[in-house]
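The opening position of the sequence shown corresponds to residue 1 in my numbering, with each subsequent residue numbered one higher. For every residue, glycine included, the Cβ atom is placed at its ideal position computed from N, Cα and C.
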Amino acid sequence: MKILNLTIEGFGPFAGKEQIDFEHLTQEGLFLISGPTGAGKTSILDAICFALYGKVPGSRGKVKQLRSQFATPDTPTRVTLDCEVRGKRFKIERSPSYERPKQRGSGMTTQPSSVSYLEYIGGEWVGRSRKYDEVGQIVEDTVGLNGEQFTRVIMLPQGEFSAFLRAEAADRETILERLFGTERFGRAASFLSGMQTDANRSTADIRARRAEKITAMLKSAQIPSIPQLTKSTSLTNVGATATVAFIEEENRLHTAQYVNNLAQKRRESSTLQLEKLNQRYSDAEYFVKHRGIEQQYSPEAHAQLAQRVKRMREAHTIAPAWDEYQRAQKHVKHVRTQREEAASPFDNRSHELQELLEATRKSRSARSEHERLSAEKKKLEDQLAEYTARRESLTEHVEKTRAELRALEDPQTLLHTLEQAKKALEESTAVRERVLEVSSELQRVERICEQLSDKVEDARVRVQGAREAYHKIRTERLAGIAGELAAELHHDEACPVCGSTQHPSPASRQQSALGQDHEDQAFSAMSEATERLSELSNTYATHLATLEELKKQRKQFPETSEIERQRLHVQEEHRRLQEDYERLISTREKLHTSLEKAEEDVDAVREKQSECEKDSIRVETRLKQVEFDILVPSSLLGVVGVPAPIDGAGTAALEERVQSLIEQVNKSAQLERELQSRVADLHTRESEWETAFTSSIFSELEEFLELRSADVDDASHRLHLMEQQAIVLRENRASEWYRRGLTETLTLEQLADLVRTQQRVCEQHATDYEETSNRLYFALEQRNKAQQAREEVFDQEREFEAELVHNERIVELAQIVNATSPSNTRRVTLKSYVLGEMFAQVTQAASERLEVMSRNRYRLEHAYERQTGQSKGGLLLQVVDTFTSEERDPRTLSGGESFMASLSLALGLADTVAAHAGGIELESLFIDEGFGSLDPQALDAVMTVLDELRTRGRSVGVISHVEEMQQSIPCKLEVTPSPTGSTTSVMTSGA
Numbered sequence: 001m002k003i004l005n006l007t008i009e010g011f012g013p014f015a016g017k018e019q020i021d022f023e024h025l026t027q028e029g030l031f032l033i034s035g036p037t038g039a040g041k042t043s044i045l046d047a048i049c050f051a052l053y054g055k056v057p058g059s060r061g062k063v064k065q066l067r068s069q070f071a072t073p074d075t076p077t078r079v080t081l082d083c084e085v086r087g088k089r090f091k092i093e094r095s096p097s098y099e100r101p102k103q104r105g106s107g108m109t110t111q112p113s114s115v116s117y118l119e120y121i122g123g124e125w126v127g128r129s130r131k132y133d134e135v136g137q138i139v140e141d142t143v144g145l146n147g148e149q150f151t152r153v154i155m156l157p158q159g160e161f162s163a164f165l166r167a168e169a170a171d172r173e174t175i176l177e178r179l180f181g182t183e184r185f186g187r188a189a190s191f192l193s194g195m196q197t198d199a200n201r202s203t204a205d206i207r208a209r210r211a212e213k214i215t216a217m218l219k220s221a222q223i224p225s226i227p228q229l230t231k232s233t234s235l236t237n238v239g240a241t242a243t244v245a246f247i248e249e250e251n252r253l254h255t256a257q258y259v260n261n262l263a264q265k266r267r268e269s270s271t272l273q274l275e276k277l278n279q280r281y282s283d284a285e286y287f288v289k290h291r292g293i294e295q296q297y298s299p300e301a302h303a304q305l306a307q308r309v310k311r312m313r314e315a316h317t318i319a320p321a322w323d324e325y326q327r328a329q330k331h332v333k334h335v336r337t338q339r340e341e342a343a344s345p346f347d348n349r350s351h352e353l354q355e356l357l358e359a360t361r362k363s364r365s366a367r368s369e370h371e372r373l374s375a376e377k378k379k380l381e382d383q384l385a386e387y388t389a390r391r392e393s394l395t396e397h398v399e400k401t402r403a404e405l406r407a408l409e410d411p412q413t414l415l416h417t418l419e420q421a422k423k424a425l426e427e428s429t430a431v432r433e434r435v436l437e438v439s440s441e442l443q444r445v446e447r448i449c450e451q452l453s454d455k456v457e458d459a460r461v462r463v464q465g466a467r468e469a470y471h472k473i474r475t476e477r478l479a480g481i482a483g484e485l486a487a488e489l490h491h492d493e494a495c496p497v498c499g500s501t502q503h504p505s506p507a508s509r510q511q512s513a514l515g516q517d518h519e520d521q522a523f524s525a526m527s528e529a530t531e532r533l534s535e536l537s538n539t540y541a542t543h544l545a546t547l548e549e550l551k552k553q554r555k556q557f558p559e560t561s562e563i564e565r566q567r568l569h570v571q572e573e574h575r576r577l578q579e580d581y582e583r584l585i586s587t588r589e590k591l592h593t594s595l596e597k598a599e600e601d602v603d604a605v606r607e608k609q610s611e612c613e614k615d616s617i618r619v620e621t622r623l624k625q626v627e628f629d630i631l632v633p634s635s636l637l638g639v640v641g642v643p644a645p646i647d648g649a650g651t652a653a654l655e656e657r658v659q660s661l662i663e664q665v666n667k668s669a670q671l672e673r674e675l676q677s678r679v680a681d682l683h684t685r686e687s688e689w690e691t692a693f694t695s696s697i698f699s700e701l702e703e704f705l706e707l708r709s710a711d712v713d714d715a716s717h718r719l720h721l722m723e724q725q726a727i728v729l730r731e732n733r734a735s736e737w738y739r740r741g742l743t744e745t746l747t748l749e750q751l752a753d754l755v756r757t758q759q760r761v762c763e764q765h766a767t768d769y770e771e772t773s774n775r776l777y778f779a780l781e782q783r784n785k786a787q788q789a790r791e792e793v794f795d796q797e798r799e800f801e802a803e804l805v806h807n808e809r810i811v812e813l814a815q816i817v818n819a820t821s822p823s824n825t826r827r828v829t830l831k832s833y834v835l836g837e838m839f840a841q842v843t844q845a846a847s848e849r850l851e852v853m854s855r856n857r858y859r860l861e862h863a864y865e866r867q868t869g870q871s872k873g874g875l876l877l878q879v880v881d882t883f884t885s886e887e888r889d890p891r892t893l894s895g896g897e898s899f900m901a902s903l904s905l906a907l908g909l910a911d912t913v914a915a916h917a918g919g920i921e922l923e924s925l926f927i928d929e930g931f932g933s934l935d936p937q938a939l940d941a942v943m944t945v946l947d948e949l950r951t952r953g954r955s956v957g958v959i960s961h962v963e964e965m966q967q968s969i970p971c972k973l974e975v976t977p978s979p980t981g982s983t984t985s986v987m988t989s990g991a
């Protein structure tokens with residue numbers, strides 16, 4: 001994230017609008033935010049956090065008054081932040097809720113908070129959202145950090161450097177959990193604990209269900225041997241019980257199979273004997289049928305029928321020629337009758353009738369076109385009259401509009417008067433603002449003078465009390481001075497007062513006498529009180545002079561009500577002139593628009609009028625041509641002997657009559673052509689019939705006609721049956737059954753009795769075989785049931801065992817995650833382990849920087865093992881001192897060492913959080929205070945680390961009062977406080 005620009009208005013100590021160009025300020029990479037204590041340096045960082053997340057960092061966000069106390073009532077409180085993240089530039093404008101004066105009436109009202117999110121697209125700012133939740137989500141998605149992570153990664157706030165370093169493991173876990181979002185691992189552990197409870201209940205339920213289900217399944221198997229086996233005390237295992245039952249049913253199956261095979265062999269033997277008897281009966285039956293056929297068949301009748309069928313087929317061969325000849329005679333007779341009926345007196349004048357039809361159609365079309373053109377001519381005459389009237393009306397409107405334009409007032413004159421009124425209004429407004437400014441400043445200075453008067457009076461009382469205390473102490477001090485001198489006298493040493501070496505009666509030292517330090521303290525207190533009184537008196541005199549000067553300035557202006565009355569009068573005059581000017585401009589624009597529209601309408605009507613006149617000439621010319629085409633030539637009318645038609649109906653009747661005559665002539669000609677064709681076809685068919693009859697076996701027409709009408713299919717069928725009988729007789733004499741029939745000694749009735757007897761034997765053997773097969777099927781079914789029962793027992797055992805193993809895995813996993821399993825040797829929960837790994841990365845990154853800052857003396861280490869009294873493992877932090885090779889608690893470090901360790905830890909935490917937040921870009925970093933506890937060497941080492949951050953592309957902003965940093969960092973953002981609010985200024989190396 002790269003901050004480009006920040007605009008603060010009415011926020012914190014900033015009364016007015018302050019714009020900070022961070023893009024220019026961060027050119028060198030490292031810059032300093034400096035200024036006196038309380039000037040508002042930290043408020044700049046608060047403004048950045050507030051713009052992004054709607055809150056300020058740390059505990060200040062709970063009690064901080066965001067609206068500036070220096071802001072005027074009409075100054076809004078607003079922060080605008082312009083940023084860039086991965087090439088995406090966006091701007092956020094955010095305002096908090098605050099109290100402001102009502103615009104109407106007296107009293108205060110609450111200005112609601114607001115937020116606006118904009119993106120820089122295509123060279124302009126485009127608004128995206130004004131909803132708090134939506135903007136917050138957009139910022140987190142774009143920046144990649146929430147508010148808590150932002151103050152740990154990009155903005156390191158004042159007073160919170162050492163909090164993470166010195167925190168207990170539980171507090172450190174809470175901080176890391178918020179930064180890295182590891183709550184999901186805690187939820188996963190809780191979820192697994194619930195699964196563990198469910199798994200334990202499920203295991204007990206599975207064991208009970210297994211015993212009940214397997215016992216019930218064996219009892220319901222309906223296998224005779226299983227109930228007796230389950231009662232046996234020697235077979236306690238259900239699997240063994242099912243196996244023994246399966247073996248017994250297998251033995252029964254083998255016995256049933258043997259008996260069934262014997263029955264099958266007897267059935268097959270009796271069936272074979274029955275087939276032989278059936279074959280003898282069939283052969284004898286065929287032989288009897290053959291003897292019957294021999295008696296029915298006659299070779300002479302067969303030969304006569306064959307000769308008749310041959311002549312019938314010859315007659316049917318030449319029959320089509322005879323049929324075609326008869327059909328041609330009928331067609332010629334029919335067409336000749338139709339031709340005689342369709343004869344017409346106009347058969348030779350078809351050409352003249354066709355010309356008359358075309359002339360009649362042309363006349364009818366011309367009459368239709370004449371009617372259409374007449375209607376069009378009337379329409380054009382009406383349009384021409386309408387266009388003429390419209391043109392005259394528009395011309396009159398144009399002249400009237402031009403006259404109205406000439407009658408309007410000159411806008412330049414009115415504009416000059418309006419500008420003079422505007423200038424008077426600006427001057428009146430400036431006077432009112434100056435009076436308000438002087439009055440506000442006068443009231444403020446009066447309040448300050450009242451406060452300073454009370455402070456001066458209080459300072460005088462303090463000075464008086466300090467003088468009295470000093471004189472009292474000095475009096476007591478002089479009273480006990482002799483005792484002090486006597487206490488310092490020694491034998492044979494000169495007295496510092498009289499010079500004598502003899503001290504016959506030295507004064508005794510009073511135990512309650514005050515010392516020189518008490519006198520000095522009282523004198524210092526008196527001097528400080530006196531100086532404070534002098535400073536307050538000077539300040540009070542200065543403000544009194546300012547107050548008098550402000551009163552003089554106020555007297556130069558009239559009363560506020562008079563100024564406001566004059567300003568309202570000037571404002572009303574300006575408004576009236578502005579409305580007159582706008583009304584004049586609007587009227588002129590409307591008249592110009594109306595004039596242009598009317599002139600365009602005149603041109604359009606003129607053009608349409610010209611086109612209408614051209615169309616009238618065209619229609620008139622065409623009417624003359626059509627009137628000539630309406631006439632039908634009298635020479636053609638004489639063909640049919642009718643007068644010329646006088647209207648459209650007569651023309652249509654004439655056309656219909658001529659069309660009917662043409663159709664009649666065409667039909668007569670068509671029939672004449674068909675008659676000639678039929679006569680030619682008749683001659684052809686007659687010749688073909690004579691040729692076919694002459695070349696046939698017939699000599700008489702009567703024989704041909706008699707055989708032609710006979711049923712050749714029936715005769716052919718009877719001939720075919722005789723041929724089949726002859727073939728069957730020849731094949732039968734050559735077959736085996738014919739030879740066996742010649743030697744058969746039994747009759748058909750005797751053979752039938754033998755067959756019936758053998759059938760009864762076969763039926764009995766089949767019944768026996770069916771009974772043994774049923775017993776075999778029953779044995780097989782029982783064997784399969786026993787086998788299925790055994791397999792189901794084993795399947796149920798495997799299924800229950802799989803469920804139990806699954807539950808055991810869930811319990812073991814839950815115990816490992818929650819650090820209750822012996823397998824978890826570190827006794828660390830999943831959430832603590834993940835946080836420990838994160839903390840290890842933080843410690844590693846922080847230790848590298850601490851070694852640079854401490855010149856390789858200190859490094860940071862963390863451990864997974866719990867210490868005595870620690871409830872959290874994996875988040876312990878130790879500082880290793882390489883000078884003594886001992887581990888130290890971070891709380892034993894000095895102020896400067898603690899700052900270096902805290903800064904290293906904060907930078908390491910920032911890098912790690914950034915890496916785990918999706919690889920966000922950390923182009924900006926702000927560090928608030930803490931450098932004053934470092935010696936020059938340590939400060940130089942810290943500056944080396946910060947410079948290394950700068951060389952890696954990060955811009956680092958530092959808030960500090962250290963003089964060395966003021967001198968070594970050329971780029972500065974100076975925050976200057978004043979009685980009217982703080983201001984900012986940017987100083988760079990090139991300035």
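Distance check for residue j and residue i, CA to CA, integer angstroms please.
{"i": "residue 368", "j": "residue 628", "result": "13 Å"}
{"i": "residue 985", "j": "residue 564", "result": "37 Å"}
{"i": "residue 233", "j": "residue 266", "result": "Because residue 233 sits at a pLDDT of 36, beneath the cut-off of 50, its placement in the model cannot be relied upon, and the following sentence gives the value as read from the coordinates. Computed Cα separation, rounded: 46 Å."}
{"i": "residue 974", "j": "residue 33", "result": "6 Å"}
{"i": "residue 76", "j": "residue 467", "result": "51 Å"}
{"i": "residue 156", "j": "residue 57", "result": "9 Å"}
{"i": "residue 281", "j": "residue 778", "result": "40 Å"}
{"i": "residue 799", "j": "residue 258", "result": "39 Å"}
{"i": "residue 601", "j": "residue 572", "result": "43 Å"}
{"i": "residue 712", "j": "residue 289", "result": "30 Å"}
{"i": "residue 426", "j": "residue 413", "result": "20 Å"}
{"i": "residue 316", "j": "residue 708", "result": "6 Å"}
{"i": "residue 549", "j": "residue 38", "result": "30 Å"}
Since residue i and residue j are thought to touch, with beta carbons under 8 Å apart, how far apart are those beta carbons, to the nearest angstrom?
{"i": "residue 836", "j": "residue 875", "result": "6 Å"}
{"i": "residue 977", "j": "residue 36", "result": "6 Å"}
{"i": "residue 715", "j": "residue 309", "result": "5 Å"}
{"i": "residue 987", "j": "residue 176", "result": "That belief does not hold up - the Cβ atoms of residue 987 and residue 176 are roughly 39 Å apart, past 8 Å."}
{"i": "residue 891", "j": "residue 166", "result": "5 Å"}
{"i": "residue 992", "j": "residue 533", "result": "With the chain represented from 1 up to 991, any question about residue 992 goes unanswered, as that position is not in the structure."}
Excluding sequence positions up to five away, which residues of its chain have a Cβ less than 7 Å from the Cβ of residue i?
{"i": "residue 692", "result": "318, 321"}
Can you give me the Cβ contacts of residue i inside the same chain, cut-off strictly under 6 Å, excluding the 5 residues immediately before and after it?
{"i": "residue 231", "result": "Since pLDDT at residue 231 reaches only 47, below the 50 mark, its modelled position is unreliable, and no value is offered."}
So the candidates are the options; which of them puts its Cα closest to the Cα of residue i?
{"i": "residue 332", "options": "127, 676, 47, 885", "result": "676"}
{"i": "residue 782", "options": "254, 188, 54, 146", "result": "254"}
{"i": "residue 18", "options": "40, 125, 27, 28", "result": "40"}
{"i": "residue 658", "options": "359, 449, 335", "result": "359"}
Given residue i, which residues of its chain have a CB within under 8 Å of its CB, disregarding the five upstream and five downstream residues?
{"i": "residue 139", "result": "52, 53, 92, 117"}
- Query: Does the count of Cβ pairs from the segment 296-316 and the segment 761-775 closer than 8 Å reach three?
  - Reply: no
- How do the segment 404-423 and the segment 568-585 stand: do at least 3 beta-carbon pairs fall below 8 Å, yes or no? yes
- Contact the segment 13-28 vs the segment 926-943: 3+ CB pairs below 8 Å: no
- Decide if the segment 844-861 is in contact with the segment 806-825; the criterion is three or more beta carbon pairs, one per stretch, under 8 Å apart. no
- Message: With three or more C-beta pairs closer than 8 Å as the rule, is the segment 145-152 touching the segment 103-118?
- Response: no
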